[in-house]
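Residue numbers (my numbering): 765 to 981.
Structure representation (structure tokens):
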């Protein structure tokens, strides 16, 4: 038991240090700093990036968590839930992520593999559910992707291990119908030849439906 408690304490410290380093990295980039300081935001390491004792989210927190793959990944959102009269009342309906891309996620040289781009959209849209569970708007339970339709508009470029490229993924919750959640997502990147403070353009978009499975009786 003592070992388990010590292990949990160590993991908490590891994740705290990792979170601070990732936020510091993005704040060193002018256009990212502008986004992160423009209004009151909750900024954190993505839940799926947190190191754990098991293999849950291993793709994100282990396999891709490498200096030349996707070494930095944070989420940020307005902590004020939407107040409305429809099915979205009280939900956090928009969440953004900053993600750094290295050469080990290449398809073509210098271009992120399409499957990884889809993974990032699915991943960030899925973080909407983690956040809404945390605020008590959603019950605990597994949420699966029902479908995810993707439109590739421009190449999502990667960087080198020494100079990573950064993209922003924005996820929006559009509709709730019982256990079904309709979402939209976009991948944005700095416009070629744009200003250093960050003129972003849309690279990829997606629409998806997620389904929360019923609890066993």
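The beta carbon of each residue, even a glycine, is placed where N, CA and C say it ideally should be.
Since the model is a prediction, treat every value here as computed from it, not as a measurement.
Go to residue 952, then tell me how far its alpha helix (DSSP H) extends in each direction, as first and last residue. Segment 944 to 954 is the beta strand (DSSP E) holding residue 952; no alpha helix (DSSP H) there.
For the stretch 961 to 978 against the stretch 880 to 895, are there 3 or more C-beta pairs whose distance is under 8 angstroms? Yes, the stretch 961 to 978 touches the stretch 880 to 895.
Same chain, Cβ closer than 7 angstroms to residue 923, neighbours up to 5 away in sequence not counted: These residues qualify, in order along the chain: 865, 866 and 929.
Presumed contact (8 angstroms Cβ cut-off) between residue 920 and residue 875, rounded CB distance: Correct: roughly 7 angstroms between the Cβ atoms.
Less than 9 angstroms between the C-beta atoms of residue 940 and residue 852, yes or no? Pairing residue 940 with residue 852 gives a Cβ-Cβ distance under 9 angstroms.
Every unbroken beta strand (DSSP E) inside the stretch 844 to 894 [3 residues or more]: Taken in chain order, the unbroken stretches of beta strand (DSSP E) that lie wholly in the stretch 844 to 894 and span 3 residues or more are 858 to 865.
Residues near residue 913 in its chain [Cβ-Cβ closer than 8 angstroms; skip 5 each side]: Taken in chain order, the residues that qualify are 970, 971 and 972.
For the beta strand (DSSP E) containing residue 969, list its first residue and its last residue. Taken as a continuous stretch (DSSP letters only), the beta strand (DSSP E) holding residue 969 covers 964 to 976.
Per-residue burial, residue 813 [other beta carbons within 10 Å of its own, 16 or more giving buried]: Residue 813 should be labelled buried.
Considering only the beta carbon of each residue, do residue 951 and residue 931 sit closer than 9 angstroms? Yes; because the gap between Cβ atoms is below 9 angstroms, this pair is in contact.
Find out if the Cβ-Cβ distance for the pair residue 811, residue 821 is shorter than 9 angstroms. Contact: yes.
Could you tell me which of 954, 785 and 877 sits nearest to residue 835, measuring between CA atoms? When only C-alpha atoms are compared, the closest one is 785.
What is the DSSP secondary structure of residue 838, counted as helix, strand or coil? DSSP places residue 838 in strand when its eight states are reduced to three.
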